[in-house]
Structure formats: C-alpha cells, structure tokens
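Novice: In our numbering, the protein residues as written are 37 to 434.
Glycine included, each C-beta is placed from N, C-alpha and C at the ideal position.
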Ligand code: HEM
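1. For residue 187, name the three-state secondary structure that DSSP assigns.
2. With a threshold of 6 Å (Cβ to nearest heavy atom), would residue 142 be considered close to the ligand HEM?
3. Tell me the rounded alpha-carbon separation between residue 147 and residue 274.
4. CA-CA distance, residue 195 and residue 289?
5. Which whole runs of the beta strand (DSSP E) in the region 245–332 are 3 residues long or more, in chain order?
6. If you follow the alpha helix (DSSP H) that residue 415 is in, where does it begin and where does it stop?
7. With a cut-off of 8 Å, do at least 3 Cβ pairs link the region 342–356 to the region 97–112?
8. Straight-line CA distance for residue 368 to residue 235?
9. Confirm, please, whether the CB-CB distance from residue 352 to residue 56 is below 7 Å.
10. For residue 6, name the three-state secondary structure that DSSP assigns.
11. Using the C-alpha atoms, what's the distance from residue 324 back to residue 74?
12. Please work out which residues of its chain come closer than 8 Å, Cβ to Cβ, to residue 38, disregarding the five sequence neighbours upstream and downstream, and give them in chain order.
13. May I ask which residues mark the beginning and end of the beta strand (DSSP E) holding residue 347?
14. Give the DSSP-derived three-state secondary structure of residue 362 in the structure shown.
15. Over the uninterrupted beta strand (DSSP E) stretch that includes residue 158, give me the two end residues.
16. Going by DSSP, what residues sit across from residue 339 in a beta bridge?
17. How big is the Cα-Cα spacing for residue 176 and residue 401?
18. Kindly indicate the opening and closing residues of the beta strand (DSSP E) around residue 432.
19. Below 6 Å, is the gap between the Cβ of residue 283 and the nearest heavy atom of the ligand HEM?
20. Could you give the DSSP three-state label for residue 404: helix, strand or coil?
21. For my contact list, residue 164 and residue 403 are in at a C-beta cut-off of 8 Å; report their separation, rounded to the angstrom.
22. Does the contact criterion of 3 or more C-beta pairs under 8 Å hold for the region 357–376 versus the region 77–86?
23. Would you mind working out which of 67, 418 and 385 sits nearest residue 90, comparing C-alpha positions?
24. With DSSP run on the structure shown, which of helix, strand or coil describes residue 423?
25. For residue 301, count neighbouring Cβ atoms within 10 angstroms of its own Cβ and tell me buried if that reaches 16, exposed if not.
26. Pull up the distance between the alpha-carbon of residue 224 and that of residue 391, whole angstroms please.
27. The alpha helix (DSSP H) that contains residue 377, what's its start and end?
28. Using a threshold of 6 Å, is the CB atom of residue 272 nearer than that to any non-hydrogen atom of the ligand HEM?
29. Residues in its own chain within less than 8 Å of residue 166 by CB, not counting five upstream and five downstream?
30. Would you say the region 241–253 touches the region 138–152, given that touching needs at least three Cβ pairs under 8 Å?
31. Could you tell me which of 100, 112 and 122 sits nearest to residue 129, measuring between CA atoms?
32. What's the C-alpha gap between residue 408 and residue 294?
33. Straight-line CA distance for residue 276 to residue 388?
34. Quick check: the Cα distance between residue 429 and residue 334, rounded to an integer number of angstroms?
35. Using the three-state DSSP reduction, which class does residue 88 fall into: helix, strand or coil?
36. I need the boundaries of the alpha helix (DSSP H) containing residue 203, first residue and last residue.
Here it is, written out as structure tokens:
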C-alpha cells in the first residue's frame, strides 16, 4: 500500500466509462509534473498539462528508445518487447527512426488513403452485414469494430484473402488480453515468419500493396533489411488494429450516449469530420500515455527532469486541459479549433492518422445509415485497462 507521501501507483484507474481517471485534473491543478510509481516499483514523472505534453513530445532531448536506462515501462509485457534485435521505429530515435519511417510515409498520405476509400467502404459494409446477421442483441465489438481494422490492414499490406484468417487470428492473439504473454509472443514469431514468406511471394508476384512496394523499391535495392521490413509491417498491424477498433466501439457508445449531437450528425452527415476529431480528443484512448526518457537535464515548468529519468506524457490528461479546451469534460462536436494530441506530437506523431480518420468516418457513417435504430442494450464491458482504453463487448439491438 502506498502512503500519501509516496508517489502513487500508475496507471490510475478509470471510474467512469467516458472519462479519464480523476487524478489527472487534480494533478494538473496542483502538481503538473508529478512523481508516479510504475508496476515494478520504479518512479517516473507524469505530465498532465497540454503545453508540457506537447513540449516533451516535440523535444529531441527526450528519447523514445526503450533500450535507454530509465525508460518508463508501464507493464511487464511492454518491457518484454525490449531485447529484440529488430525494434520497430516507434521505439527508435533519429536517425534510424527517420530512415525507417520515411520509407513508409508515402503510403499514408491523404491522397493514397483516399484511393483506399472504396475498399474500406466494402469492408465496412461486410461488417454491417456480419453485425445484422449475428441476431439481437449482438456484440458490436466482435461483429463490427474488430473485423474492420484487421481487414483494412490486411488489404493495405496485401495479405491474400485465403490467408486472412490465419493472419487475423494471430494478429488478435498478439494483442488481446485474453491470451498469455507466451501465446502472444508465439503469435509474433509466427506472424514474422508469415510476413517473411509473404514478402518472398511478393518478390515473384508483386501486387498493388505496401508489402510489394517495400520489397521491390526498398529491400531489393538494398535500402531496407528484410527483418526491418517485418518489424515495420508488424508495427502497422499492432498500432492500427486495437486503437482503431476501440475508437469505433467507443465512438458508437459515445454518440448513443449523446442523442442530441448524434441526431445532428444524422441530419447532416458532413459533420462527421468534426465528430471524429471530437471523439479522438474526448476519448483519448492512449490510456497509459506516451513514454519517454530524458537524455539530458531539461526544465519543465518548475521541475528539472534529470538525464535518465522517465516521463509519461499523458495524452488523455492533456486533451482535457481547460487552459486549451473550454468545458473540456464536455463532448462537443462544435469545438473549434480542436488541436488535440490524440495522435501524439512531434516526430513519432501517428503515421496512420489519415487512415484511422478515414476508417472512423466510413464506419460510423455507414453503420448509422444502415442501422438508424441502433441502441445500447446495457451490458457492455469496458477495458482492457492496458495501454489502450476500449471495450471488450458492446451489446446493441436495433
Ligand atoms: C484512432 C486510432 C489511433 C490512435 C489513437 C493512434 C495513436 C497513436 C499515437 C499516440 C502515436 C504516438 C506514439 C509515440 O509517440 O510514442 C502513434 C504512433 C503510430 N501509429 Fe497510430 N494511432 C491510431 C491508428 C493508427 C493506424 C490505423 C495506424 C496504421 C495502420 C497507425 C500507425 C502508427 C505508427 C506506425 C506509429 C509510429 C510512428 C512513429 O514512431 O514515427 N496508427 N499512434
């Protein structure tokens, strides 16, 4: 048990389905750079003000490389990922980070993602049919929210339809808290093997997909190590799956809990862009924040963060900062401007954000068009309280 003088254990618990832990607002007012205790007893700094979170994420003196001493791991599972030989660029600093990210950046520009719209619409329509076919009440998470991002990432990477179950099952095993650490680790090994074999096939028979282009334009030219290609492909799978699925489920839940704003969206579908931005800010699903470690002494407000000390930049706290967002606890689709940090900030800012926005827009629009009477039946389970906040189950009827 901790006493009031000890740094409190982190992550804090949520006591409300739609709001981040209460501690954030209290700390932001009293101790914007606060000490916290991580799962293994080590301490780190927690930042809860918008300006401080943005400053740290935009400052090269803070490293995202988890191999640096003092890096703040929020769970044993995240620590277990270190020690691997080929680290995804999310956890690397420049110059390696920039080199690996640049090879993929063209794939995620808005123009490219717009070209994927028809494919995403088809995937969403299939998911609507799956939901309607499941009988009432149905679970919207397993029948709608989860299948969409897994099918989208499979299409993006160029996973053949015949393999998509193999791919999705392991993708799920890698990420879901229903499985043990060993089962997840095994899924990673199998997916790496699978991606290696798929890359070989793309070498002989290229398609119109990210993996084919990476093999032909990067690997065969000697620019990219095939093992790094596997790491980047896995990063896309991990970073884009649970996040998007949780945003779809929680987005539906939030709109159904705000009937007046939901009705406005139904009457004017062009509001969807604003709705998605406000959902991103309001929900801020990166529950455990964004971890960094100081490479040198840096002053943040009244505090000097010493070289080697870990920092958690809390995105959910920053996005509820009243100094930047008036009536920040309110879900408000009229919010303007809405410069939220839901996708992070700085050089690691989410590469997949145009894709995430497009998936959310299409999923929410087509679901409510096709099932206008959609309603909650009351039995939903929230969580997992891992690094990303979301839903296990969302029971709906229509
Ligand atoms: C709504 C859904 C999503 C949210 C809330 C989200 C959030 C984030 C955040 C906060 C970061 C920064 C992490 C850091 O600075 O350490 C990030 C990075 C990243 N995200 Fe997303 N993400 C989402 C969807 C996606 C999708 C769909 C993809 C791609 C398929 C994707 C790919 C990535 C990648 C590759 C990075 C690492 C970027 C880098 O290190 O340079 N994300 N995401």
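Specialist: A quick look at the data gives this:
1. helix
2. no
3. 23 Å
4. 31 Å
5. As far as the region 245–332 is concerned, its whole beta strand (DSSP E) runs of at least 3 residues are 326–330.
6. It is not in any alpha helix (DSSP H) - residue 415 instead sits in the beta strand (DSSP E) that spans 411–418.
7. yes
8. Going from the Cα of residue 368 to the Cα of residue 235 covers about 45 Å.
9. yes
10. With the chain represented from 37 up to 434, any question about residue 6 goes unanswered, as that position is not in the structure.
11. 11 Å
12. Residue confidence for residue 38 is low, a pLDDT of 47 falling below 50, so the modelled location carries little weight; the figure read from the coordinates is stated next. Sequence-distant partners of residue 38 (beyond 5 residues in either direction) whose C-beta falls short of 8 Å from its own C-beta, in its chain, are 44, 45 and 73.
13. 346–349
14. coil
15. Here residue 158 belongs to no beta strand (DSSP E); instead the alpha helix (DSSP H) covers 153–169.
16. Answer is 336, bridged to residue 339.
17. CA-to-CA, the gap between residue 176 and residue 401 works out to about 15 Å.
18. 427–433
19. yes
20. Three-state DSSP puts residue 404 in a helix.
21. 6 Å
22. yes
23. 385
24. Residue 423 carries a coil assignment under DSSP once its states are collapsed to helix, strand and coil.
25. Its Cβ being crowded by 16 or more others within 10 Å, residue 301 is buried.
26. Their backbone Cα atoms lie some 23 Å apart in a straight line.
27. Here residue 377 belongs to no alpha helix (DSSP H), and DSSP marks it neither H nor E.
28. yes
29. If we look at residue 166 and ignore the five residues flanking it on each side, its Cβ neighbours are 179, 180 and 183.
30. As far as the Cβ criterion goes, the region 241–253 touches the region 138–152, which means the pair count is three or higher.
31. 100
32. 15 Å
33. Residue 276 and residue 388 have their alpha carbons spaced roughly 7 Å apart.
34. 43 Å
35. helix
36. Here the alpha helix (DSSP H) through residue 203 covers 200–211.
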